[in-house]
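This report refers to the structure that appears directly beneath it.
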Amino acid sequence: IKDQQIPFILDSGASCSIITAQLVPPRTVIDENDTIRIRGINGTTYALGSINARLCYENAMFTAKLYVVKGLPPNVPALLGTDFLKKYGVTLHFGRQIFIANSNQGKIEIPFNEPQVSLICVPARTELTTLITVNVKEPHVLLSQQIKPHVFIANTIVDPKDGKIPVKILNVSKKTVFLNEIKPKMEKLDNYDIVQLNDCKEIPNRTQQLLRELKLNHLSGNEKESIKKICLKYNDIFCLENDKLTVTKILTPSINVKDNTKPVYTKPYRLPHSQKSEIERQIKEMTKNGIIEEARSEWNSPMLLVPKKSCNDRKKWRMVIDYRKVNNALQDDRFELGNIEEIIDSLAGAKYFTHLDLSQGYYQCEIDPKSRPITAFSTASGQFQMTRLPMGLKISPATFSRLMTVAMSGLCMEKCLVYLDDIIVFGKSLEEHNKNLIDIFERLRGVNLKLNPGKCNFLQQELIYLGHFISEEGVRPDPSKIESVNNWPVPTTADEVKRFVAFANYYRKHIQDFSKICIPLNHLTRKGIPFEWSAECQQAFETLKTKFINPPVLDYPDFKQTFKLQTDASGYALGAVLSNQNGRPVAFASRALNKSEMNYGTIEKELLAVVWSIKHFRPYLFGRKFDLETDHRPLVYLFSMKEPSSRLTKFRLALEEYDFTINYIPGKSNVLADALSRITIKDLQELNNKIEQDILITTRSTARKANTNKDFNDESPGQQPSYGKSVELTFDEKNKIPEVKFCMLNNQLIIQPAKTLVQLRRIVVMLRNMCKNKNINELVIKNTDHGKQFYNMVYTNNMNKGMPIMRMIDPKVKHIENKTEQHLIINDFHVLPTAGHAGIKKTLKNIQRRYFWSSMTNDVTNFIKSCEACQKNKHIKPRNIPQIITTTANSAFSKIYLDLVGPLLPSNEGYVYILTTQCELTKFITATPIRNKSTEVVAKAFVENVLLNYGVPDEIATDRGTEFMSELFQHICELLQIKKLNSTAYHHQSIGALENSHKSLGNFLRIYAARQPGNWSSWIKFYQFAYNTTVHLETEKTPFELVFGKNCKLPSNLKDYETQTPIYNLEDYAKSLKYKIQITQREIQQRLIDAKENRIRKLNTKLKPMTYLPGQLILIKNEAKSKLNSIYDGPYPVLTDRGQNVEVRIKNRLDIIHKDRTKPF
123 IKDQQIPFIL
133 DSGASCSIIT
143 AQLVPPRTVI
153 DENDTIRIRG
163 INGTTYALGS
173 INARLCYENA
183 MFTAKLYVVK
193 GLPPNVPALL
203 GTDFLKKYGV
213 TLHFGRQIFI
223 ANSNQGKIEI
233 PFNEPQVSLI
243 CVPARTELTT
253 LITVNVKEPH
263 VLLSQQIKPH
273 VFIANTIVDP
283 KDGKIPVKIL
293 NVSKKTVFLN
303 EIKPKMEKLD
313 NYDIVQLNDC
323 KEIPNRTQQL
333 LRELKLNHLS
343 GNEKESIKKI
353 CLKYNDIFCL
363 ENDKLTVTKI
373 LTPSINVKDN
383 TKPVYTKPYR
393 LPHSQKSEIE
403 RQIKEMTKNG
413 IIEEARSEWN
423 SPMLLVPKKS
433 CNDRKKWRMV
443 IDYRKVNNAL
453 QDDRFELGNI
463 EEIIDSLAGA
473 KYFTHLDLSQ
483 GYYQCEIDPK
493 SRPITAFSTA
503 SGQFQMTRLP
513 MGLKISPATF
523 SRLMTVAMSG
533 LCMEKCLVYL
543 DDIIVFGKSL
553 EEHNKNLIDI
563 FERLRGVNLK
573 LNPGKCNFLQ
583 QELIYLGHFI
593 SEEGVRPDPS
603 KIESVNNWPV
613 PTTADEVKRF
623 VAFANYYRKH
633 IQDFSKICIP
643 LNHLTRKGIP
653 FEWSAECQQA
663 FETLKTKFIN
673 PPVLDYPDFK
683 QTFKLQTDAS
693 GYALGAVLSN
703 QNGRPVAFAS
713 RALNKSEMNY
723 GTIEKELLAV
733 VWSIKHFRPY
743 LFGRKFDLET
753 DHRPLVYLFS
763 MKEPSSRLTK
773 FRLALEEYDF
783 TINYIPGKSN
793 VLADALSRIT
803 IKDLQELNNK
813 IEQDILITTR
823 STARKANTNK
833 DFNDESPGQQ
843 PSYGKSVELT
853 FDEKNKIPEV
863 KFCMLNNQLI
873 IQPAKTLVQL
883 RRIVVMLRNM
893 CKNKNINELV
903 IKNTDHGKQF
913 YNMVYTNNMN
923 KGMPIMRMID
933 PKVKHIENKT
943 EQHLIINDFH
953 VLPTAGHAGI
963 KKTLKNIQRR
973 YFWSSMTNDV
983 TNFIKSCEAC
993 QKNKHIKPRN
1003 IPQIITTTAN
1013 SAFSKIYLDL
1023 VGPLLPSNEG
1033 YVYILTTQCE
1043 LTKFITATPI
1053 RNKSTEVVAK
1063 AFVENVLLNY
1073 GVPDEIATDR
1083 GTEFMSELFQ
1093 HICELLQIKK
1103 LNSTAYHHQS
1113 IGALENSHKS
1123 LGNFLRIYAA
1133 RQPGNWSSWI
1143 KFYQFAYNTT
1153 VHLETEKTPF
1163 ELVFGKNCKL
1173 PSNLKDYETQ
1183 TPIYNLEDYA
1193 KSLKYKIQIT
1203 QREIQQRLID
1213 AKENRIRKLN
1223 TKLKPMTYLP
1233 GQLILIKNEA
1243 KSKLNSIYDG
1253 PYPVLTDRGQ
1263 NVEVRIKNRL
1273 DIIHKDRTKP
1283 F
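When you line the sequence shown up against our numbering, it's residues 123 to 1283, in that order.
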């Protein structure tokens, strides 16, 4: 067409001829009025118009109407349809691959080829993206290149799909280009560095962020540049802020439970309401990062928050799961580490050392999905389970050590050392070190393990590793191991000499000429000898210290044996000695107690010594079993305590990752740690291993104590505790008084308005102390400018802790001092019909809206407590009395419980009731349908179906139904010498076990008698058989087995049936915040709105909206059912969803039902 060669496709199935818009020659007139709809396999489109084109082949000429179409595939530039074929009488000859057409030159033969799928048409000055076929499967980088003159391919990353990749082609020439079988140049993607960018609006410069976090300032210019280059090349193995932590696939460990172990379910701790938002935030974040997932598990462990160290004033929390009970049910996982001597030998001659730290190493190890239910824990948001290796499980250290060994296999000992979560890269020169570092980084990339850049230390020339000080000069003992002994102060009393000699005597067999060396010191320990520290004593003292810290006394750690750790605490210091199994010391340690630690109790100091020493010797003890020896016997008991104090709980949880056995040794045998714990404070070097703050746990006992400060119950007259007084807080605007003054005349506290935070803190402390001394539990503040300012400043700056309740009141509230007037006000607001005998809380709040006096709370409480009408006509909260342990039968059917179920729907045989019995010991039940509950019928059924089958019991227990209290039943019991026990009136708990079995009976009959309700009596024997051949949860045996001494042979369809262990409901521990109840808002309307919003928000926290569509079928709860009726009726079609209600059609009538009574069918 106009000197432009174009390949046409000959299509006998097309009714018209078309051409792509890009191939239409410039200045060609397109008839836009001549347009048609074109339908093909890819859909339907409309032509832009038509052109009349002259087509030339050699000397032959044709004319054709071509419809112009936009967006044809690149391999279909133009098409000749049947309109062209008919016009020129075209004959197709497939054998010769020609077509014959009538042209202006007569008949002409034109050859054709099969359509080329790979043909690509690139119009002039056009860029297009299309698919091409390649022979690669893995991701590649498509290199930018010129494939034809003026035709280029762009640089692209491609991932082949079905042998095809997308390419971007640019034609900068003035002519259309046709391409066939493009073979572009490509390179593997593995040859390139990959930078993973977060999908966020502002993508940070990953390179700059990584360089900011790396610690390289101690390096020289050449060293720094070499490490920067390596780290930037492997920047993808560093986990930066906002990066999602990935997992490695080289090991998916499972958690093995001991044989015959039942799932361990521990109730959640009751945590402070103030921590609820933090828990929800961490749960949401961990779920988003894939660290935890929702669970429905029979296992459960409690969760709590512990404070983390923070560099700013903002408090940070770490979520901890208490796996102590779960750990007792797990099999031990032993993983032997390498020979320590071989490890140390491999470092010989090394000059450069790099310590690499994994980012949350445990969380990079995914655990087997089948083991995840064992890690389950509960929060207010539901139950969750770990998907990654959890901290706190005793198998975690060994499991992670195994993972690291597998990950670094082939590199250990030659290029790096791996011990637990530490990776040490070493080299004799900078070049060797960097080469080894690249190999390690390459391996970490291959196994998908991420590093924490802020905790990696590069190119160190000295290293403390496994108790050894390693440098280019060689290997020496860790100086910190001997610091406590090396700095031992010179004794100044005979007692201090005795303590040092006792310490030295422990190692006498390892010290040559020990007795000779100790002569001057032993002389000072004798009675009657004055203390004179001579040069001989100093020489002996220094000699022994030198012997302690050098072989053969100080030993290298033997990791093939079990370590022994001895700890002790004095009134002012802690001491510890780590020894091999042969008794020779590996390391010594001691530190002074800080001021707050000196106030700890004895057991807390001893436990502090244990926690500190274990953390101090962590490189030796973590991931290995060891023996802990203490001369404080209560520590042995501590680890079995159920409710230790919060500080003891914190200390104990700090040791959950360690595997040790705690042993008691007498004080005289613990001379090593005891001596180190009694070195003078001023001579001890204070270490930085401080224990974190106390854990805030609300136990049941502390919750009960806290409840005494809660608002009072509104409906409980006669049961209110005594309260402190309420006092008005006023402000001295003229500053004529001290900062805080108590006015006895009007029961007022007067304070100066606080101008600064310093003054406010001082006033709050004075207020707190004065209120405590004068038994003030409420401060009433009028809503003035000074009152609002003080109230807001106290709560904004979190100074309300320890303060009485502060309540804002309207300035118009009257202050009433006259006792008679006070009594009349209470009477009017409680007794009058307009008051309606409201409860304490409502009455108090109604009065507080208008009046105020200091003893109002006590006066209202005492008035309502003595109100006779309230006492007689109001419900009160029932009091729980202690339960007693009843006697237990010692043989089957010695004691039997009896009860009746019914009345039921009359059966076809006329039965209306069921007489049920249960053996107290074996839990064996009987169920007998009866026609009525007359004494004669009940007694006959009991004798014939129980006594004649299982013998006469010693005791029977029943409720106080007339059928059981009749003279006939009493006479039968006397005749058969049966002791009859009766429950108290309306207290069915006395036969609670039998009452509980009635639930199972009801469920059974509802299911099996559903289709024929009148046939329920025929199912009774089946229920009796099913219950008696099912394992009882209390006895863990079937009742049948306990009665008959063998397992019942079941029908084949029941043989392999396994009962399901019930899933226990979580304890609801949501608590209302005191200040939300006690703070009165300035405006009544706003207070009501806030209360409604708080209530709705709390109610809807866990609720999802339920919506129904017109025509949807629903079930409606049957409120007037008897025991055997279905719980729900329906299904019924929905007509309209009305929010909380739904309009339905029930048997040709319309009804509106609350959604609480409905559920989808």
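Note that the Cβ used here is the ideal one computed from N, Cα and C, for glycine as well.
Spatial distance of residue i from residue j (CA atoms)
{"i": "L1097", "j": "V1165", "result": "26 Å"}
{"i": "K1239", "j": "H1120", "result": "21 Å"}
{"i": "A698", "j": "P788", "result": "16 Å"}
{"i": "T830", "j": "N899", "result": "Residue confidence is low: T830 scores 36 on pLDDT, short of 50, so the model does not pin down where it sits. Its coordinate-derived value is still stated next. Cα to Cα, T830 sits roughly 12 Å from N899."}
{"i": "K963", "j": "S976", "result": "16 Å"}
{"i": "G1073", "j": "R494", "result": "51 Å"}
{"i": "N644", "j": "K620", "result": "8 Å"}
{"i": "K1085", "j": "I1094", "result": "According to the sequence shown, residue 1085 is Glu rather than Lys. The alpha-carbon atoms of E1085 and I1094 are separated by roughly 13 Å."}
{"i": "L426", "j": "D444", "result": "8 Å"}
Contact set for residue i: own chain, Cβ-Cβ below 6 Å, skip 5 residues either direction
{"i": "I220", "result": "E231 and P233"}
{"i": "V212", "result": "F221 and A223"}
{"i": "N558", "result": "K537, V547 and G549"}
Chain-order list of residues whose beta-carbon lies under 8 Å from that of residue i (same chain, five-residue window excluded)
{"i": "Y210", "result": "F184, A223, N224 and S225"}
{"i": "A657", "result": "none"}
{"i": "N293", "result": "V244, P245, A246, R247, T248, E249, H272, V273 and V299"}
Where residue i sits in the DSSP three-state scheme
{"i": "I291", "result": "strand"}
{"i": "N940", "result": "coil"}
{"i": "Q688", "result": "strand"}
{"i": "S342", "result": "coil"}
{"i": "D205", "result": "helix"}
{"i": "Q1040", "result": "strand"}
{"i": "K1297", "result": "Since the first and last residues shown for the chain are 123 and 1283, residue 1297 lies out of range."}
{"i": "H262", "result": "strand"}
{"i": "K904", "result": "strand"}
{"i": "T476", "result": "strand"}
{"i": "S423", "result": "strand"}
{"i": "V623", "result": "helix"}
{"i": "S493", "result": "helix"}
{"i": "W1141", "result": "helix"}
{"i": "I123", "result": "coil"}
{"i": "V151", "result": "coil"}
{"i": "H1154", "result": "coil"}
{"i": "P875", "result": "coil"}
{"i": "D454", "result": "coil"}
{"i": "P199", "result": "coil"}
Closer than 7 Å: residue i CB and nearest the ligand HEM heavy atom
{"i": "L750", "result": "No copy of the ligand HEM appears in this structure; indeed no ligand is present at all."}
Nonlocal neighbours in the same chain, by C-beta distance under 7 Å from residue i, ignoring five residues either side
{"i": "K904", "result": "I931 and P933"}
{"i": "R446", "result": "E778"}
{"i": "S503", "result": "E402 and I405"}
{"i": "T497", "result": "Q507, M508 and P512"}
Cutoff 8 Å: residue i Cβ touching any chain B Cβ
{"i": "Y391", "result": "This model lacks chain B altogether, as it is built from one protein chain only."}
Below 8 Å, how does it come out for the region 406-413 and the region 340-349: are there three or more Cβ pairs, yes or no? no
What runs of the beta strand (DSSP E), each 3 residues or longer, lie entirely inside the region 495-574? 499-501, 504-508, 538-541 and 544-549
Every unbroken alpha helix (DSSP H) inside the region 927-987 [4 residues or more]: 941-952, 962-970 and 978-987
Those runs of the alpha helix (DSSP H) which lie wholly inside the region 1055-1090 and span at least 4 residues: 1057-1064 and 1084-1087
At a cut of 8 Å, does the region 681-694 reach the region 728-738 through at least three beta carbon pairs? yes
Meets three-Cβ-pair contact criterion under 8 Å: the region 606-616 and the region 641-660: yes
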